[in-house]
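J.: Sharing a structure, written as structure tokens. Questions coming.
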Amino acid sequence: MEKGKYPLEWLDLLVMVSLNPAKTDVSAITQEQAEQIKSRLSEETLRLQSLIKSQVFSINKEDEIDLLIKQYHVSLIALLDQTVRNKELTAPEAKPMQELNRALLSNLDELFSFLETRFSKYISLDERLPVTYFDVTKRELKIKIDRLQKCVLDNPVAKLLVNKMTNFITSPSHPYDLTFRVVLYFRELINGLEKIDWTQNDNEEFSQLEHLLIYLNFNSKKFMNLLTDRLATEVNRYEQPVEKMDKLLYFYKAFNQLHRKPNMKLNPKYRDLDTVIGNWFSQEIVYLEKKLRLVVLPLQGIAGSSNGIEQTLKQKILCVLSTDQMALILRATDDLRIIQAKSLNEVFKTIAPHLSTPYKEDISHGAMRSKAYSPEERDRQIAIETLERIIEKIKEY
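Residue numbers (my numbering): 34 to 430.
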């Protein structure tokens, strides 16, 4: 703000003293005086908007602009809160004063919106929300929620959302601080919901609604339970563990490829959706890996006893990756000299006899070598996701 001068001086004196029933006999203010103040309010709002723009354009340093806007923002929050208190303390029958307070709230809100629109990047989203701002937001959200309610029909996730947002605008208290970030989250959520075509059937791995909620890190425990239940139902449609694993990995790949918006979270005090769902995938994959191992090992035992030479049975390690996917990982470790041999062919020749997959008991090192140089995109993605899971697991140690 201007050095040696307080730009909000007139507004501050008006709100904190002149219209404050705790400090002034507001009943003495006449209708004519109230009209004069209202007229001055409009002029003052325009003057301050012009002044703020001039101040910003005259400053060269980004941190000084940041400080200036934050000072205005904090001051306006204080004035808004005090105006609400003044309105509550003023007798309902004092109509000139009530009208004046409403006009004051409207002009302060206009200044507030001006700062948010023009200089949003300098406003901290973690600032406490003014009461008036939240009231306006609740009215806006209620209109949109009522419209949305007609579209959700029997969709359990959509019903959960409507209940969550209705609770947000009607509850007298919340488990987290009401900040600009919280309101921004709900506004973005409902704007995204309005763009969904509810008449369209979802044929992809994740629905339009799930895309949106994953994008916005909607870390509601109920939603995450609904999502994992649906995924588990889809996976369990298959009878064979190999088919289940294939479907599960396919879902995991699709989940990891979805877009995420940075710094967004429904509940700031709970774990991210990515963390919870990623852990669910990891646990399910480990469980299916164990089931696959139990399926393959008894078959090895039968084959050994039928030959009558149990000692000659090769003890192999079961890998749930395909030959092509293992070939890619081995080629990468050889290229990076993590493992060292005379040649890549030597790597495959040495390792392949000791590996098996759910699909093949015996792996050809020649086939493995050829696949390493002509990978399919799906095999490449599964190999990458497997390595990412390894990284996440190592981080937990």
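Note that CB positions come from ideal geometry on N, CA and C, so glycine has one too.
For residue 388, name the three-state secondary structure that DSSP assigns.
T.: Correct three-state label for residue 388: strand.
J.: Short of 8 Å in beta carbon distance, which residues of its chain neighbour residue 253, apart from the five on each side in sequence? Order them along the chain.
T.: Result list for residue 253: 193, 197, 299, 300, in chain order.
J.: Using only the alpha-carbon positions, how far apart do residue 57 and residue 257 sit?
T.: In a straight line, the C-alpha of residue 57 is about 54 Å away from that of residue 257.
J.: Measuring straight from C-alpha to C-alpha, what distance separates residue 338 and residue 396?
T.: In this prediction, residue 338 scores a pLDDT of 49, lower than 50, which makes its location untrustworthy; no coordinate-derived value is stated.
J.: What span of residues does the alpha helix (DSSP H) with residue 245 cover, start to end?
T.: Here the alpha helix (DSSP H) through residue 245 covers 241-248.
J.: Excluding five sequence neighbours on each side, which residues of the same chain lie with their C-beta closer than 6 Å to the C-beta of residue 122?
T.: Same-chain partners within the cutoff: 54.
J.: So what's residue 350 in DSSP terms, helix, strand or just coil?
T.: Correct three-state label for residue 350: strand.
J.: Using a Cβ distance threshold of 8 Å, determine whether the region 308-323 contacts the region 272-283, with at least three qualifying pairs required.
T.: With the cut-off at 8 Å, the region 308-323 and the region 272-283 touch.
J.: For the region 82-143, list the alpha helix (DSSP H) runs that are entirely contained and at least 4 residues long, ordered along the chain.
T.: Listed in chain order, the complete alpha helix (DSSP H) runs (minimum 4 residues) inside the region 82-143 are 95-122.
J.: Residue 90: buried (16+ other C-beta within 10 angstroms of its C-beta) or exposed?
T.: Classification of residue 90: exposed, given that the 10 Å Cβ count is below 16.
J.: Can you list, in chain order, the residues of its chain with a C-beta nearer than 6 Å to that of residue 137? Leave out the 5 residues immediately preceding and following it.
T.: So the list reads 116, once near-sequence residues are dropped.
J.: Between the region 89-108 and the region 155-165, do at least 3 Cβ pairs fall closer than 8 Å?
T.: Touching, yes, given that three or more Cβ pairs across the two stretches are closer than 8 Å.
J.: Let me make sure I understand the geometry here. Which of 354, 381, 349 has the alpha-carbon closest to that of residue 364?
T.: The shortest C-alpha separation from residue 364 is found at 381.
J.: Output yes or no for whether 9 Å exceeds the beta carbon distance between residue 408 and residue 416.
T.: Their beta carbons are under 9 Å apart, which means residue 408 touches residue 416 by this criterion.
J.: At the level of alpha carbons, what is the spacing between residue 250 and residue 218?
T.: About 10 Å.
J.: Helix, strand or coil for residue 419 per DSSP?
T.: Residue 419: helix per DSSP, three-state reduction.
J.: Determine the burial state of residue 317: buried for a count of at least 16 other Cβ atoms within 10 Å of its Cβ, exposed for fewer.
T.: Its Cβ being crowded by 16 or more others within 10 Å, residue 317 is buried.
J.: Since I believe residue 214 is in contact with residue 159 (beta carbons under 8 Å), could you give me their beta-carbon distance rounded to a whole number of angstroms?
T.: Between residue 214 and residue 159 the Cβ distance is about 6 Å, and since that is below 8 Å, they are a contact.
J.: From residue 336 to residue 233, what does the alpha carbon distance come to, in whole angstroms?
T.: Since pLDDT at residue 336 reaches only 49, below the 50 mark, its modelled position is unreliable, and the value read off the structure follows with that caveat. Cα to Cα, residue 336 sits roughly 52 Å from residue 233.
J.: Are there 16 or more other CB atoms within 10 angstroms of the CB of residue 140, so buried, or fewer, so exposed?
T.: By the neighbour-count rule (16 or more Cβ atoms within 10 Å), residue 140 is buried.
J.: Can you name the residues that DSSP bridges to residue 212?
T.: Its beta-bridge partners are 161.
J.: Leaving out the 5 sequence neighbours to the left and right, which residues in its chain are closer than 7 Å to residue 162 when beta-carbon positions are compared?
T.: These residues qualify, in order along the chain: 211, 212, 213, 216.
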